[in-house]
Amino acid sequence: MKLPFNKISVIGLGYIGLPTAATLASRGVEVVGVDVNPKAIEAINKGQIHIVEPDLDAVVHQVVNAGKLKAVAKPEQADAFIIAVPTPFKGNHVPDLAFIEAAAKSIAPVLQKGNLVILESTSPVGTTEKLANWLGDLRKDLSFPHQKGAASDIRIAYCPERVLPGHVLKELVENDRVIGGMTPACSEKAKALYKIFVQGQCLETNAATAEMCKLTENAYRDVNIAFANELSLICDRLGINVWDLISLANHHPRVKILQPGPGVGGHCIAVDPWFIVDSAPEQARLIRTSREVNDGKPHHVVDKVKAAVKGLKDPVIACLGLSFKADIDDLRESPAVDIVAHLAKDKVGNLLVVEPHVDSLPASLLGLQLVETEEALRRAQVVLLLVNHRSFYDIDRKSLEGKKVIDTRGVWR
Ligand code: SAJ
């Protein structure tokens, strides 16, 4: 089968870029990955990976050995460019587009007539238009969709990723994809690219709707988690078991409440809703409040621990779980880490930390003890469960007897 693109360049080889590059390469396309991190380049060119994602190492190993994927520091000519760089926010929750701008500057010199440029990074509405403008300013010899519409030399589209960390390789292929071309011709070309590996539907729309769609998906989840977290605060006040309550309410055929927790972590759900708030601050009231409710939850947990240790002499506290969600080893942007760090800073007892998925503690928890579950439970008077790892469900309830238990995930409800 002849592929519609012979050579594709992926800018940014992180949690999205590397799996995308490897998947494209596994379909026979020549893929050049570009990254600013020399360690990432070195690892990938050896057929290894620098991030944690199940099964990705085997695919990268195979495509690098087959000569289909290589990593470089500076972009070279290609038929299509996929930009998958981070979009963090600055102080005051304002989105920072510096990485996208740097990516645009790096590909501008190698762009050729007929090229397709796709932005995948989570972005505020209007970013694809900005990207087109940055490229247009640097390459006056080429025409872009915002200048020439369907007749443009370069096609540009916004196509967000929506894969769940831990299931990336499967979801990249199976999930439906939103394709937001700056013109219908741009969408058509981008769709041809995704059809190389996507089995789900490729749904065409415009760039602004596609940008908003990505933000909406994560804001929807954040608002729904905030509802559950707010319920947990109300139930604490009223002396009701929130887990039983939600389970009962969810028997209603049209009610599906999510689960409360110690707060919302990860790199997406706690960030993306702010991009909507920044774009429409007066209208995005519910979205902003949900962020505040979810960001407030770790403080509520810290207060509960402080109340639990009152009156105890030299209290020992077992903190179970550090990752931002269950059964992964990713500790970044984790409310569990923040809670333990806060307890340590305020010197709330002797903290024993349990995290079965890591061998060492992150920098913010240096000085604390990382121990096995059994030891922590044996020594502690207070047990604080922060992550619903599968192994914690197996804990013998007898080992909790006589201890004060704060279960933020409903594992022992
Ligand atoms: N959480 C709860 N209660 C719940 C569900 C989740 O407290 O009922 C917490 C988790 O513990 C975690 C946080 O929310 O701290 C986020 O976890 P998650 O599993 O909801 O989502 P992520 O961040 O791993 O991935 C999300 C996904 N988006 C949606 O489900 C709408 C994923 O599909 C996106 O691709 C990803 O963000 C992204 O890259 O944007």
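Residue numbers 2 to 414, in the working numbering, belong to the letters of the sequence shown in order.
A virtual CB, placed ideally from N, CA and C, is assigned to each residue, including glycine.
Everything numeric in this text was worked out from a predicted model, so none of it was measured.
Would you kindly work out how many angstroms separate the C-alpha atoms of residue i and residue j, rounded to a whole number?
i, j, result
"Gly127", "Ala85", "17 Å"
"Gly137", "Ala308", "59 Å"
"Ser107", "Pro76", "7 Å"
"Leu98", "His300", "30 Å"
"Val272", "Lys298", "16 Å"
"Val95", "Gly368", "34 Å"
"Leu117", "Ala151", "13 Å"
"Arg222", "Thr123", "15 Å"
"Asn7", "Val32", "9 Å"
"Val338", "His390", "15 Å"
"Cys236", "Ala327", "24 Å"
"Thr210", "Trp244", "36 Å"
"Asp315", "Asn351", "7 Å"
"Leu234", "Glu293", "13 Å"
"Glu189", "Arg156", "9 Å"
"Gly68", "Asn176", "27 Å"
"Ala133", "Ile270", "27 Å"
At a threshold of 6 Å, does residue i count as lining ligand 1 (C-beta to nearest heavy atom)?
i, result
"Leu216", "no"
"Asn219", "yes"
"Pro166", "yes"
"Arg391", "no"
"Arg222", "yes"
"Phe198", "no"
"Gly350", "no"
"Cys160", "no"
"His265", "The question names His, yet the displayed sequence has Val at residue 265. Val265 Cβ: within cutoff of ligand 1."
"Gly262", "yes"
"Ile270", "yes"
"Lys326", "yes"
"Arg178", "no"
"Leu362", "no"
"Arg380", "no"
"Leu259", "yes"
"Arg163", "yes"
"Ile226", "yes"
Classify residue i: buried if its beta carbon has 16 or more other beta carbons within 10 angstroms, exposed otherwise.
i, result
"Lys215", "buried"
"Ile340", "buried"
"Leu70", "buried"
"Ala227", "buried"
"Ala250", "exposed"
"Ile17", "buried"
"Asn242", "exposed"
"His147", "buried"
"Thr66", "The question names Thr, but residue 66 is Asn in the sequence shown. Label assigned to Asn66: exposed."
"Gly92", "exposed"
"Pro274", "buried"
"Ala281", "exposed"
Thinking C-beta only, is residue j closer than 7 Å to residue i?
i, j, result
"Val256", "Gly322", "no"
"Cys203", "Ala158", "no"
"Ile45", "Ala72", "yes"
"Ala23", "Val53", "no"
"Pro363", "Leu332", "yes"
"Ser27", "Phe82", "no"
"Leu344", "Ala377", "no"
"Leu259", "Asn225", "yes"
"Asn295", "Gly266", "no"
"Leu14", "Gly34", "yes"
"Ile12", "Ala104", "yes"
"Ala191", "Ile180", "yes"
"Val349", "Val306", "yes"
"Cys198", "Val174", "In the sequence as displayed, the identity of residue 198 is Phe instead of Cys. It is a contact, given that the beta carbons lie within the stated cut-off."
"Arg414", "Leu386", "no"
"Ile318", "Ala381", "yes"
"Val1", "Val372", "Outside the shown range of the chain (2 to 414) lies residue 1, about which nothing can therefore be said."
"Arg289", "Val278", "yes"
"Ala220", "Met183", "no"
"Val154", "Leu143", "A small correction: the amino acid at residue 154 is Asp; Val does not occupy that position in the sequence shown. Yes, they are a contact pair."
"Glu212", "His268", "no"
"Glu102", "Glu162", "no"
"Gly167", "Ile396", "no"
Measuring only between beta-carbons, confirm whether residue i sits less than 7 Å from chain C.
i, result
"Pro363", "Checking the listed chains, one finds no chain C in this structure; it contains a single protein chain."
Only counting runs of 4 or more residues, tell me where the alpha helix (DSSP H) segments fall wholly within the region 356-409, in order along the chain. 374-380, 391-394
What beta strand (DSSP E) runs, 3 residues minimum, are completely inside the region 113-188? 117-120, 156-159, 178-182
Which ranges does the beta strand (DSSP E) cover as unbroken runs of at least 3 residues, wholly within the region 44-75, from first to last along the chain? Within the region 44-75, complete beta strand (DSSP E) segments of at least 3 residues are found at 70-73, given in chain order.
Which residue spans inside the region 291-330 form an unbroken beta strand (DSSP E) run of at least 3? 317-321
Run through the region 84-113 for me and flag every whole alpha helix (DSSP H) of 4 or more residues, listed as ranges in chain order. 99-108
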